[in-house]
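K.L.:
A single structure is presented below for examination.
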Amino acid sequence: MAKLPETSPAAGLLPLTHGGLTLSEGPARRMWMIQPYPGREAGLDAALRDAHGIGFPEPSRSTGQRGGRLIWAGRAQALWIGTADPAPGLAQHAALTDQSDAWAFLKLEGAGAEAALARLTPLDLHPSVFKRGHAARAPLGHMSAILHRRSAALELFVFRSMARTAVHEIGVAMRSLAARAAV
Amino acid sequence: MSGPMRLEKGGLIDRSREIRFQFDDQWMGGVAGDTLASALLANGVRLVGRSFKYHRPRGILTAGSEEPNALVEIGKAARRTPNVRATTQELYEGLYAVSQNRFPSLKWDLLEVNDLFAPFLGAGFYYKTFMWPRAFWERLYEPLIRRAAGLGALSKQTNPDHYEKAFAHCDLLVIGAGPTGLMAALTAARAGADVILADEGDRMGGRLLSETITLDGQPGPDWVAGVLAELQGMDNVRLMPRTTVTGAYDGGTFGAVERVGLHLSAPAADLPLECFWRITARRAILAAGALERPIAFRDNDRPGVMLASAVRSYVNRYAVAPGRKVAVFGTSDDAHRTVADLQAAGVEVVALIDARADATTTLDVPFYAGATVTGTEGRLGLRRITVTRAAGSRVIDADCLAISGGWNPTVHLTCHMNARPVWREDIAAFVPPEGAVPGLTPAGACASRFATTDCLGDGVAAATEALTALGAKVSPPDLPRTDDAAWRGAALWAVPGKGRAWLDFQNDVTVKDVQQAARENMVSVEHMKRYTTQGMAPDQGKNSNVAALAMLADVTGRAIPETGTTTFRPPYTPVAIATMGAGGQGAGFAPQRYMTSHDASVEKGAPMIEAGLWYRPSYFPRAGERTWREACDREVGHVRTAVGVCDVSTLGKIELHGPDAGRFLDLVYTNTFSTLAPGRTRYGLMLREDGHVMDDGTTACLAEGHYLMTTTTAAAGQVMRHLDFVQQVHAPGMAVRFTSVTEQWAQFAIAGPRALEVVNGFLDTPVDDAALPFMGNCAVTLGGIGGRLFRISFSGERGYELAVPARYGAALFRDLVARAEGLGGGAYGMEALNVLRIEKGFLTHAELHGRTTAFDLGLAKMVSAKKVCVGQRAAARPGLTGPDREQLVGLKPAGAVKQILAGAHLFAERAEAVRENDEGYVTSACYSPTLGTTLGLGFLRNGRARHGEVIRMVDHLRGVETLCEVCDPVFFDPEGGRARGETS
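These protein sequence lines are chains A and B, in that order.
For the first sequence, our numbering assigns the number 61 to the initial residue and increments by one for each residue that follows.
For the second sequence, our numbering assigns the number 36 to the initial residue and increments by one for each residue that follows.
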């Protein structure tokens, strides 16, 4: 049969710009949850360095660059984000689970991004506190999200099924900030 | 001109910006910088409301958020907000305000008659009077009292406005921007700390905006402007005006309400009216100041009687004369200060009455030392006062009386974590105890240091101490010199005498009420409070608590510390529910989870219903179908005779990996999974630790050490949490990890005799029964896309579930439905899914409702005795098995009435339908088009032994009684040949 057409999680919803802020959908990436088995953390770390040149991230941190990176995503787990799948050999040390379709990948850019997200998450996202390479698993409104600061953008990962709610709620916060600025 | 009482010069107002507003449908003028209260006073309006209980005429008492009298409704229709304090409402063009608690008008109020009956309406009146006859309470007394009782009314319409919630974090939160707060913020800001300075006023500066005190030779407001300009220029400082810190909570968290759009004439639609902040601060300084206290004397509640500090605010800040002939009555030098300010502004002062016998003055004013005010006159506003000295009484014409009974430190926030304020005899006031709120330091007037010089120094000291604790290096700024003297005064709570002297203006509580409460043995301050309702109005007794308990102490012959004090709860000032619930209106209540097929279902006209957070199609109506039942019956028919397609992506999917995954599954499931071969799928039952069933579902072995568990939609989160718990607590060493893949895969059930035709139409390599037998699974490809195919059935028919990465879900659903429609079938929704599973006796959370065991469900054999699983021991406890248990049964109608209703209860055929005879209940019911009858599933005491018996179903709520035959819960194809593909 012919290949089925694809739909991205936030198709038709983004990008969104209010004031100096832009919310957009991140590029389609291969995403895998990598979870080291008990006692295999060091082995995984070594295998990752061998295969991809990056280590397994410390809690609340990320590692890696273009091509492949890992964002801490909770106890004993990190989310692989890359243009390709992680090396299959890693499965000796860790559970590898395909998540490429599980998350809506959103990016919020512009001055005041922290203020917009302060409407939705209790985290302190001030750049001096939540720095480049910092990651957190935290509430975003009533949703559970992964937050990550990467250079200029704050990256957000929410459940794919909640993409509309996430875009709506972040949009409300963006519009509210723009309206405050206009007073 | 903005009103006849506006002073010709002075004030922090912008006379060039005139503002028109309405009060009780009368147009008036004000200027920028006015509050509604100052604008009303400028227009000569003294009467602004009626009191809560006696409907007494009331005027403006204060100039701040503690105002008990001047409560008004602002706005019209759905945008109407009741109980807004006129003293904090900033004036804007077109503001529409209406007075409250009066009918038909403010000047002619019918319920003013209550005031004549006052001797009968004292403390405890309601408790004594409305006790009898008992039945009258609900039908007569309560509605009457509610109608008569005061304060404003809600619009009863949906709130169309936008509200907001937000979080903030800082090193130091400074609460209050008076002299103390400003110096604290400046000290911390210069030391580089991340500072939030919050103040409830629209303009920062606190009392410095209302007094004529100078700092370093500058007028107060000019000095304030200089400090604010410096703070504004610093990146590490956030100024939050119009922000009331309402509560102190654990871990350095504070609640605060910011008024964002409430002061604007036409706020933009996206602009929130208010924002509810949760501020997390490493340290906090409470610089909340102090509230001046009134003095109780006969008829001290007439419009025109006003706190002396408020009089100074109106004169100095708003350039309004609060009266043409003003008298001042006080117990401290503040009274003298008030006279001086009034005279400087050109307002006539007719008397200075100082209760201290030894007081002197150099002011040019009729002076009465050692005197008190013992009465007032004037029905709708003050006209005369009576001044009494040892030498005798004298009546003086006055239309405004400024009163000053000393100051109460604003200790409210220090009480929010259960600390009680401490009495200080030397200043006759309650002060915050040490360490009342961890990390919060009270400073300045709220810590009983009233003089401006002391406040400035205290702000610097508190900030220095807080920042040093945070490890910062502080170089304290120089203190400005002020011309403010230390506070000198005496305590006077009430002037003895006949008549009613008001303590709590908002709840109409008098000195007599407190005395009567004590006589009736309500001698505990908590009892007195509840008996008289003193301090229970929205102002929480800000103006009256201390005086009331001082009166209680007096009448019971105890000292004030012995009498004790009631305490304060959050919020400091009333908070609109709309603000606290910001973002939660309508769809904002919870996230909405959409399946990839959502748009296709909506296009087909399917009503979407909530399943947890998910939205699922209820049924897919077709032309000519008038009821949901017609669509449902047709969809059931598709599955039983042709093929149906249903999106089942909402079911929880958890992928498990690891060499110990099988062992782990054995631990969480009652039955064995470690023996499950790759390519096979098994139904499993999971117990809670207490032995009751938590969830059921199938788990597929995809490969060695690689499993896919499915859960019910409802329990997906609970199961995930449970697995995490079991792994961390019971099996930390097992080499197993799991991740939710619910969102990763779009999964569709294809069920019916022609299901295989549909499935094979999509597969690059078709399957047959040999390749994929019942309860098998395999990897497949669809046009090169990797998918998973499971041979499982929740309908009892030949069934497949086809999973693809979610990005293909939308397209695959449309194609599957089109293919099914071509074969005489189509999409089916939740209603048909439910009918199909009831016909087969399959379980959902209607049956797995948390109180049922494997035994109850007839699944005891699934609890393997060869291994240990979570909940196994607990399930064997006495009382969880046996004939006394209510057991799963099927129900079919056995009489003339055919209705079976979920929620109805079951009784023996001839037993009375009362609680004592209850033998069970119906959990699920439907009409089965396949069998042509209604069917029910339910739990019946000893039910498995009672198949064939006729019992009575009674639905007390809907008034339905049906005779039912008890039967096996599997109504259709009990041998299961259809699902295996042996029959169709």
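Where is the CB? At the ideal position from N, CA and C, for every residue including glycine.
(1) By a C-beta neighbour count over all protein chains shown, 10 Å radius and 16 as the cutoff for buried, is Ala-841(B) buried or exposed?
(2) Who are the near neighbours of Leu-502(B) in its chain, counting only those whose CB is closer than 6 Å to its CB and skipping five residues on each side?
(3) Would you grab the beta carbon distance between Ser-100(B) and Thr-608(B) for me? Rounded to a whole angstrom, and I think it's under 8 Å.
(4) Compute the distance between the beta-carbons of Leu-377(B) and Leu-96(B), then report whether it is under 8 Å.
(5) DSSP three-state call for Cys-310(B): helix, strand or coil?
(6) Hey, does Gly-86(A) have any beta-carbon neighbour from chain E nearer than 8 Å?
(7) Applying a beta-carbon distance threshold of less than 7 Å, which residues of chain B neighbour Pro-65(A)?
(8) Any C-beta of chain A sitting closer than 8 Å to the C-beta of Tyr-131(B)?
(9) Could you say which of Arg-657(B), Ser-428(B), Trp-528(B) lies nearest to Thr-411(B) if we only look at CA atoms?
(10) In this structure, how does DSSP classify Val-78(A) when only helix, strand and coil are distinguished?
(11) Assign Arg-675(B) to one of three DSSP states: helix, strand, or coil.
(12) Residues of chain A with CB closer than 8 Å to the CB of Val-776(B), please, in chain order.
(13) Excluding sequence positions up to five away, which residues of its chain have a Cβ less than 7 Å from the Cβ of Pro-477(B)?
(14) What residue does the alpha helix (DSSP H) around Gln-378(B) start on, and which one ends it?
(15) Excluding five sequence neighbours on each side, which residues of the same chain lie with their C-beta closer than 7 Å to the C-beta of Val-671(B)?
(16) Within 10 Å of its beta-carbon, does Ile-612(B) have 16 or more other beta-carbons around it, so buried, or fewer, so exposed?
(17) Is Asp-234(B) closer than 8 Å to Gly-216(B) when the C-beta atoms are compared?
(18) In its own chain, which residues sit with a C-beta less than 7 Å from the C-beta of Leu-153(A), not counting the 5 before and 5 after it?
(19) Going by beta-carbon coordinates alone, are Val-1054(B) and Leu-936(B) separated by less than 8 Å?
(20) State the CB to CB distance for the pair Pro-117(A) and Trp-132(A), rounded to an integer number of angstroms; the pair is presumed to be in contact (CB under 8 Å).
(21) Mapping DSSP to helix, strand and coil, what is Arg-657(B)?
(22) How many Å lie between Gly-287(B) and Gly-492(B) at the Cα?
(23) Let's test the definition: count the other Cβ atoms within 10 Å of the Cβ of Gln-541(B) and tell me whether it reaches 16, buried, or not, exposed.
(24) Under DSSP, the beta strand (DSSP E) around Thr-968(B) begins and ends at which residues?
(25) Rounded to a whole number of angstroms, what is the C-alpha to C-alpha distance between Leu-76(A) and Ala-582(B)?
(26) Using the Cβ count rule (16 or more neighbours within 10 Å means buried), how would you classify Phe-152(B)?
(27) For Arg-756(B), does the three-state DSSP call read helix, strand or coil?
(28) For the stretch 206–219 of chain A, which residues have a beta carbon sitting closer than 9 Å to at least one beta carbon of chain B?
(29) Are there 16 or more other CB atoms within 10 angstroms of the CB of Arg-220(A), so buried, or fewer, so exposed?
(30) Evaluate Arg-337(B) with the Cβ neighbour count: other Cβ atoms within 10 Å of its Cβ, from every protein chain shown; 16 or more gives buried, anything less gives exposed.
(31) Please check the pair Val-209(B) and Ala-219(B), which I expect to be a contact at CB under 8 Å, by giving their CB distance rounded to whole angstroms.
(32) Is the Cβ-Cβ distance between Leu-180(A) and Gly-201(A) less than 8 Å?
(33) List the residues of chain A that Pro-477(B) touches, going by C-beta distances under 7 Å, in chain order.
(34) Is the CB of Gly-242(B) under 8 Å away from at least one CB in chain A?
(35) Sorted by chain position, which residues of the same chain lie with C-beta nearer than 6 Å to Arg-979(B)'s C-beta, five sequence neighbours on each side aside?
(36) By the three-class DSSP mapping on this structure, what secondary structure does Tyr-863(B) have?
P.N.:
Taking the structure as given:
(1) The residue in question, Ala-841(B), is buried, as its Cβ has 16 or more Cβ neighbours within 10 Å.
(2) Correct list, in chain order: Ala-223, Ala-226, Ala-228, Val-509.
(3) Contact between Ser-100(B) and Thr-608(B) holds: CB atoms are separated by about 5 Å, below the 8 Å threshold.
(4) Contact flag unset, no.
(5) Of the three classes helix, strand and coil, the one that applies to Cys-310(B) here is strand, per DSSP.
(6) Judged by its chain identifiers, the structure shown contains no chain E, and its protein chains are A and B.
(7) Listed along the chain, the chain B residues whose CB falls inside 7 Å of the CB of Pro-65(A) are Ala-846.
(8) Output row for Tyr-131(B): interface = no.
(9) Of the residues Arg-657(B), Ser-428(B), Trp-528(B), the one whose Cα lies closest to the Cα of Thr-411(B) is Ser-428(B).
(10) One detail in the question is off: residue 78(A) reads as His in this sequence, not Val. His-78(A) falls in the strand class under three-state DSSP.
(11) The answer is helix: DSSP assigns Arg-675(B) an H, G or I state.
(12) What Val-776(B) touches in chain A, judged by beta-carbon distance under 8 Å, is Thr-157, Asp-158, Gln-159, Ala-162, going in chain order.
(13) Contacts found: Leu-321, Thr-449, Pro-467.
(14) Taken as a continuous stretch (DSSP letters only), the alpha helix (DSSP H) holding Gln-378(B) covers 368–379.
(15) Once the five neighbours on either side are set aside, the close Cβ partners of Val-671(B) are Ala-867, Val-870, Leu-871, Pro-964, Thr-965.
(16) Residue environment for Ile-612(B): exposed (fewer than 16 other C-beta atoms within 10 angstroms of its C-beta).
(17) Yes, Cβ-Cβ distance for Gly-216(B) and Asp-234(B) is below 8 Å.
(18) Here residue 153(A) is His; the residue named in the question, Leu, does not match the sequence. Result list for His-153(A): Pro-96, Tyr-97, Arg-100, Gly-103, Leu-104, Ala-107, in chain order.
(19) Only positions 36 to 1019 of chain B appear in this structure, which leaves residue 1054(B) out of reach.
(20) The pair is a contact, with the Cβ atoms about 4 Å apart (cut-off 8 Å).
(21) Of the three classes helix, strand and coil, the one that applies to Arg-657(B) here is coil, per DSSP.
(22) Computed Cα separation, rounded: 24 Å.
(23) Gln-541(B) comes out buried.
(24) Per DSSP, Thr-968(B) belongs to the beta strand (DSSP E) from 968–976.
(25) If you draw a straight line from the Cα of Leu-76(A) to the Cα of Ala-582(B), it is about 57 Å long.
(26) It counts as exposed.
(27) Helix, per DSSP.
(28) Within the stretch 206–219 of chain A, the residues whose Cβ lies closer than 9 Å to some Cβ of chain B are Val-218, Phe-219, listed in chain order.
(29) Flag for Arg-220(A) reads buried.
(30) By the 10 Å Cβ count, Arg-337(B) comes out buried.
(31) Taking a contact as a CB-CB distance under 8 Å, the pair Val-209(B) and Ala-219(B) counts as one, their CB atoms being some 5 Å apart.
(32) For the 8 Å CB-CB criterion, Leu-180(A) and Gly-201(A) form a contact.
(33) Within chain A, no residue comes near Pro-477(B); the closest Cβ sits about 26 Å away, beyond 7 Å.
(34) Position check: residue 242(B) holds Arg in this sequence, whereas Gly was assumed. Residue contact with chain A for Arg-242(B): absent (no Cβ-Cβ distance below 8 Å to any residue of chain A).
(35) Taking Arg-979(B) as the centre and dropping the five residues before and after it, the same chain places the C-beta of Gln-922 closer than 6 Å to its C-beta, in chain order.
(36) Look at Tyr-863(B) here: in three-state DSSP terms it is coil, with no helix or strand label.
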